[in-house]
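Everything in the sequence shown is counted per full-length UniProt numbering, starting at 1 for the first residue and increasing by one.
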Amino acid sequence: MYTQLLVHDVAPFTTRLASWATVIFIGFLFYRAFLGPLSHLPGPLLAKFTGQWRSLRYWRGRWHEDILEVHRQYGPIVRIAPNEVAVVDQKALKLLYGHGHNAAKTDWYGSWDPAVGPPAFFAVRDRKLHSTLRKRVSGAYTMSAILKYELHIQDCLDLFLRKLQKHSAAGSKIDMSNWTNAFAFDVVGELVYGAPLGHLESETDVSGLRKSIFNIFFWSANLGHYWGQKSLYYNKYSLAVRKLLGSKNSITAFREWSISRVKKRWDMRETVPSPRNDMLSHFLHMKNPNGQGVRFDEVLGEAMNIIGAGADTTSIAMRACLFAVCSRADVYQKLQKEVDDFYKANKLSRPIQYLETQKLPYLCAVTKEAMRLFPSIVFQLLRFAPEGGICVDGKTVPAGTPIGISPVAQNRDPLVWGDNADDFLPERWLEGEERTRYLDSNNMTFGGSGPRMCVGKNIALVEIHKFLAQILRHFDVEIADKEKSWHVTSYWFAYQHDFNVHVRVRAQNPLLSKEKPTEIAVAA
Ligand code: HEM
Numbered sequence: 001m002y003t004q005l006l007v008h009d010v011a012p013f014t015t016r017l018a019s020w021a022t023v024i025f026i027g028f029l030f031y032r033a034f035l036g037p038l039s040h041l042p043g044p045l046l047a048k049f050t051g052q053w054r055s056l057r058y059w060r061g062r063w064h065e066d067i068l069e070v071h072r073q074y075g076p077i078v079r080i081a082p083n084e085v086a087v088v089d090q091k092a093l094k095l096l097y098g099h100g101h102n103a104a105k106t107d108w109y110g111s112w113d114p115a116v117g118p119p120a121f122f123a124v125r126d127r128k129l130h131s132t133l134r135k136r137v138s139g140a141y142t143m144s145a146i147l148k149y150e151l152h153i154q155d156c157l158d159l160f161l162r163k164l165q166k167h168s169a170a171g172s173k174i175d176m177s178n179w180t181n182a183f184a185f186d187v188v189g190e191l192v193y194g195a196p197l198g199h200l201e202s203e204t205d206v207s208g209l210r211k212s213i214f215n216i217f218f219w220s221a222n223l224g225h226y227w228g229q230k231s232l233y234y235n236k237y238s239l240a241v242r243k244l245l246g247s248k249n250s251i252t253a254f255r256e257w258s259i260s261r262v263k264k265r266w267d268m269r270e271t272v273p274s275p276r277n278d279m280l281s282h283f284l285h286m287k288n289p290n291g292q293g294v295r296f297d298e299v300l301g302e303a304m305n306i307i308g309a310g311a312d313t314t315s316i317a318m319r320a321c322l323f324a325v326c327s328r329a330d331v332y333q334k335l336q337k338e339v340d341d342f343y344k345a346n347k348l349s350r351p352i353q354y355l356e357t358q359k360l361p362y363l364c365a366v367t368k369e370a371m372r373l374f375p376s377i378v379f380q381l382l383r384f385a386p387e388g389g390i391c392v393d394g395k396t397v398p399a400g401t402p403i404g405i406s407p408v409a410q411n412r413d414p415l416v417w418g419d420n421a422d423d424f425l426p427e428r429w430l431e432g433e434e435r436t437r438y439l440d441s442n443n444m445t446f447g448g449s450g451p452r453m454c455v456g457k458n459i460a461l462v463e464i465h466k467f468l469a470q471i472l473r474h475f476d477v478e479i480a481d482k483e484k485s486w487h488v489t490s491y492w493f494a495y496q497h498d499f500n501v502h503v504r505v506r507a508q509n510p511l512l513s514k515e516k517p518t519e520i521a522v523a524a
């Protein structure tokens with residue numbers, strides 16, 4: 001009798017509670033979608049209710065197309081989640097990513113915090129801490145520093161070109177996705193671990209490093225908007241299960257591998273003068289603001305940052321350049337002639353150096369234009385709207401709202417680039433200094449021009465210019481299948497897979513002098 005009474009009383013109560021909760025929840029959704037502070041912004045209906053509209057597209061890996069379509073359909077300001085806005089706008093670009101401004105990165109970047117060890121400055125949200133961390137490494141990234149490492153980059157490029165020659169002799173298709181990636185990983189290995197990683201020499205993905213990093217990016221990019229973020233796949237339970245299965249988590253594998261590389265140089269840093277001039281030697285001797293030297297895990301962190309941030313990005317850009325050039329016979333011929341003429345006029349029997357490539361205006365225009373169309377990073381670079389909010393297309397986004405610009409969308413804004421924004425036109429960069437300055441200031445490839453812009457831009461530029469000039473100098477390259485030249489998946493980076501080409505050694509250019517570039521004085 002007593003139990004009956006209890007069930008009788010409790011059941012309606014729980015039902016009432018559930019009904020109220022449902023009503024409140026629906027009311028909340030309705031308010032957020034149609035009455036809240038972002039309700040005046042255009043965007044897909046589902047995105048007003050749930051972030052899954054955007055997240056499901058992230059998982060699908062076609063954001064490089066999705067974000068362009070979203071802006072085409074809804075205009076320069078779009079609500080892509082209940083509390084997130086994507087924009088394309090010159091003024092917003094300066095406010096969010098420009099000099100003199102420093103809008104804070106949002107919590108989405110928490111997904112990139114290292115699972116163990118000190119913070120990585122790419123992901124740090126606190127602006128003061130970011131500035132401290134960035135200052136202590138910035139000396140390693142200046143152009144004058146990079147030019148001192150140029151000979152190591154050339155070593156890798158020589159090997160890359162020799163490998164191409166070997167495979168071209170077999171007449172088979174060459175997958176440039178694989179080869180440019182191997183080259184870029186070997187370069188960062190040279191710069192931060194003191195030796196190439198062996199991807200080119202062995203013609204393999206050594207220790208599965210590239211696959212591990214791809215997996216890390218897949219998970220971190222997708223989970224950034226979920227509660228728990230990286231801990232959803234990197235936690236003690238998943239690690240235990242993996243251990244049982246005898247497999248390693250990608251992050252663990254990458255970290256252990258990095259420790260084994262950095263340790264040797266760390267152990268001898270006090271006793272032996274640095275065996276070579278590279279980025280690792282800078283990191284080993286950098287100081288914290290209190291003047292004290294850094295710990296081992298801080299050096300390790302900087303090295304790991306570069307492998308994560310600097311290899312895939314640069315190989316994507318190299319493929320973008322080669323693809324764009326090979327897609328247009330007229331551009332190809334003009335560029336190859338410019339390179340050949342330079343070699344001839346300067347009687348070069350050694351590889352062209354970076355500063356020399358800067359004397360080739362067409363080469364510089366081609367690389368900028370290819371990276372504009374196919375920037376390596378295509379997700380929004382998310383920031384909190386600064387004080388006073390941001391106004392785009394007459395619509396205001398309140399301060400504190402997560403808002404971002406996708407480099408690929410900004411780089412194709414017709415208001416800046418004209419009606420032919422989607423076309424590959426290197427000539428647009430050669431219309432005069434003022435116009436070029438204007439285009440540069442609206443180019444988002446490297447993340448704007450402010451305190452969070454790409455710190456590794458100089459390294460990337462050196463690699464990309466040398467790569468393109470030298471490959472065209474020594475080879476004729478042709479896309480193997482023009483109908484299906486590559487396919488792209490985007491998980492923060494827009495990574496091109498299966499970029500197959502045919503390569504023939506050019507008869508008039510016997511391959512590759514053994515002569516290395518010497519250290520070069522930096523031109524003013
Ligand atoms: C073509 C090649 C590259 C492209 C297109 C590129 C693009 C970018 C972009 C767009 C950002 C801003 C990200 C954001 O705001 O969230 C960024 C930041 C960064 N990049 Fe690059 N990057 C390239 C190469 C490199 C290289 C070679 C390195 C290192 C060797 C590097 C290291 C970094 C780091 C550490 C940051 C964070 C900077 C900070 O927060 O202060 N990148 N990069």
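Backbone N, C-alpha and C define an ideal beta-carbon position, used for all residues, glycine too. What you are looking at is a predicted structure, and each value in this text was computed from that prediction instead of being measured.
- The Cβ-Cβ distance between L335 and Y362 falls below 7 Å.
- With a minimum length of 4 residues, the unbroken runs of alpha helix (DSSP H) contained wholly in the region 157-215 fall at 176-192, 199-202.
- By the C-beta density criterion, A329 is exposed, having fewer than 16 other C-beta atoms within 10 angstroms.
- Straight through space, the alpha carbons of Y233 and S144 are spaced by roughly 41 Å.
- Looking only at V503, L244, G447, the smallest Cα-Cα distance to I377 is reached by G447.
- A buried status is given to F283, since no fewer than 16 other beta-carbon atoms sit within 10 Å of its beta-carbon.
- In the three-state reduction of the DSSP assignment, D107 falls in the helix class.
- In this structure, K163 sits away from L191, with a CB-CB distance that is not shorter than 7 Å.
- The criterion of a C-beta distance shorter than 7 Å is not satisfied by V477 and A311.
- At least one heavy atom of the ligand HEM falls within 6 Å of the beta-carbon of T314.
- Near the ligand HEM, meaning a Cβ closer than 6 Å to any of its heavy atoms, lie the following residues in chain order: F121, F122, R134, N305, I306, A309, G310, T313, T314, A317, P375, S376, I377, L381, P407, T445, F446, G447, R452, C454, V455, G456, I459, A460.
- The beta carbon of A195 sits closer than 7 Å to the beta carbons of G189 from its chain, once the five residues preceding and following it are set aside; these are given in chain order.
- Around the beta carbon of L46, fewer than 16 other beta carbons sit within 10 angstroms, so the residue counts as exposed.
- If the five residues before and after G301 are omitted, its C-beta is found closer than 7 Å to the C-beta atoms of P114, G117, P118, A120, all from its own chain and listed in chain order.
- For A123 against F379, the beta-carbon gap comes to about 14 Å, at or over 8 Å, which does not count as contact.
- Secondary structure within the region 428-458: the alpha helix (DSSP H) runs of 4 or more consecutive residues, fully enclosed, are 433-441 (chain order).
- For L468, same chain residues with a beta-carbon under 6 Å away, outside a window of 5 residues either side, are C321 in chain order.
- In the three-state reduction of the DSSP assignment, K128 falls in the helix class, which pools H, G and I.
- Here DSSP, grouped into helix, strand and coil, assigns G246 to coil.
- Distances from the CA of K337 to each of L129, R473, V455 were compared; the closest alpha carbon is that of R473.
- In the DSSP assignment, Y495 forms a beta bridge with T489.
- Around the beta carbon of Q496, 16 or more other beta carbons sit within 10 angstroms, so the residue counts as buried.
- For A140, same chain residues with a beta-carbon under 6 Å away, outside a window of 5 residues either side, are M279, H282 in chain order.
- Counting along the chain, T396 sits inside the beta strand (DSSP E) bounded by residues 395-397.
- Excluding five sequence positions before and after P451, the CB atoms of its chain that fall closer than 6 Å to its own CB belong to N102, given in chain order.
- Just so you know, the alpha carbons of T180 and K466 end up roughly 13 Å apart.
- If you compare the alpha carbons of E84, A253, E431 with that of G208, the shortest gap goes to A253.
- Spanning the alpha carbons of Y58 and A86 requires a straight line of approximately 14 Å.
- Every beta strand (DSSP E) of 3 residues or more that sits fully in the region 367-402 is shown, in chain order, as 381-384, 390-392, 395-397.
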